[in-house]
């Protein structure tokens with residue numbers, strides 16, 4: 696049973712470009728969470744999604760960041776016009792239900808030059 | 018905003034020694050989780066404590082949730098080099114989602130042979 700799959704594992708972008716990070720939850724999981732881990736900081740909650748719905752985006756920056764979890768396909772975290780401060784590891788986690796155990800992916804490491 | 022203060026930030030000990038990591042907050046959490054994260058990987062859940070005063074044991078690891086559900090500790094007995102890693106505590110506010118976690122900054126543990 697495959698775990699949470701994230702890709703790409705590493706992404707390099709120049710300032711002003713767009714970054715798209717993908718997350719396929721564990722089989723049978725319909726709840727997806729995105730977290731960001733900045734250098735020297737802990738994991739910070741960004742957004743919680745269920746299929747086709749954003750449930751809680753209180754941790755998302757108001758501009759340039761968006762997330763979706765379509766009916767078919769992976770969840771996408773999109774960062775437009777990236778800046779150096781966006782450089783971080785972005786982790787996706789999934790759970791079977793709202794109160795289920797979280798399973799984390801291996802993360803996508805974004806470097807903005 | 019809920020905060021979790023984790024201490025110490027760094028811990029370097031010799032094999033066979035005991036250690037305790039602390040996680041403190043002024044906020045009440047419905048549950049508290051402990052994760053371990055290896056370099057280049059995502060966090061892996063070790064344990065979830067839910068009830069105030071609860072104690073859980075996982076081999077040489079003992080986890081305790083404070084009576085008021087505001088703090089927790091992780092105690093490792095007779096540490097081994099294989100215990101080396103980043104340990105994270107995370108609190109869930111509860112409500113509609115247990116996956117929206119507030120993480121501590123982590124404790125980097127190094128156990129020397």
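Residue numbers (my numbering), protein chains in the order written: chain H, 696 to 808; chain L, 18 to 130. Ideal Cβ positions, reconstructed from N, Cα and C, are used throughout, including at glycine. In this text the structure is predicted, and so the values were computed from the model without any measurement.
Which residue marks the beginning of the beta strand (DSSP E) containing residue i, and which one marks its end?
i                      : result
residue 75 of chain L  : 72-75
residue 770 of chain H : 770-774
residue 129 of chain L : 124-129
residue 41 of chain L  : 36-41
residue 108 of chain L : 102-111
residue 762 of chain H : 760-763
residue 22 of chain L  : 22-24
residue 744 of chain H : 738-745
Tell me the rounded alpha-carbon separation between residue i and residue j.
i                      : j                      : result
residue 30 of chain L  : residue 767 of chain H : 49 Å
residue 721 of chain H : residue 704 of chain H : 17 Å
residue 20 of chain L  : residue 46 of chain L  : 10 Å
residue 753 of chain H : residue 765 of chain H : 20 Å
residue 726 of chain H : residue 66 of chain L  : 21 Å
residue 37 of chain L  : residue 711 of chain H : 45 Å
residue 84 of chain L  : residue 73 of chain L  : 14 Å
residue 774 of chain H : residue 759 of chain H : 6 Å
residue 109 of chain L : residue 778 of chain H : 31 Å
residue 697 of chain H : residue 788 of chain H : 13 Å
residue 746 of chain H : residue 699 of chain H : 16 Å
residue 737 of chain H : residue 119 of chain L : 9 Å
residue 64 of chain L  : residue 92 of chain L  : 13 Å
residue 735 of chain H : residue 117 of chain L : 21 Å
Residue i and residue j look like a contact to me (Cβ under 8 Å); what is the Cβ gap, rounded to whole Å?
i                      : j                      : result
residue 797 of chain H : residue 790 of chain H : 5 Å
residue 100 of chain L : residue 126 of chain L : 6 Å
residue 94 of chain L  : residue 28 of chain L  : In fact, because the Cβ distance is near 14 Å, the residues do not count as touching under 8 Å.
residue 701 of chain H : residue 780 of chain H : Contact flag wrong, Cβ pair sits at about 21 Å.
residue 793 of chain H : residue 732 of chain H : Actually they are not in contact, since the Cβ atoms of residue 793 of chain H and residue 732 of chain H sit about 23 Å apart, beyond 8 Å.
residue 761 of chain H : residue 718 of chain H : About 14 Å separates the two Cβ atoms, so there is no contact after all.
residue 32 of chain L  : residue 97 of chain L  : 6 Å
residue 59 of chain L  : residue 740 of chain H : About 14 Å separates the two Cβ atoms, so there is no contact after all.
residue 805 of chain H : residue 714 of chain H : 6 Å
residue 122 of chain L : residue 26 of chain L  : 7 Å
Go ahead and pull the three-state DSSP assignment for residue i.
i                      : result
residue 88 of chain L  : strand
residue 715 of chain H : strand
residue 698 of chain H : coil
residue 59 of chain L  : coil
residue 780 of chain H : helix
residue 83 of chain L  : coil
residue 116 of chain L : strand
Report buried or exposed for residue i, applying the criterion of at least 16 other Cβ atoms within 10 angstroms of its Cβ.
i                      : result
residue 68 of chain L  : exposed
residue 86 of chain L  : buried
residue 88 of chain L  : buried
residue 48 of chain L  : buried
residue 44 of chain L  : exposed
residue 61 of chain L  : exposed
residue 723 of chain H : exposed
residue 107 of chain L : buried
residue 776 of chain H : exposed
residue 708 of chain H : buried
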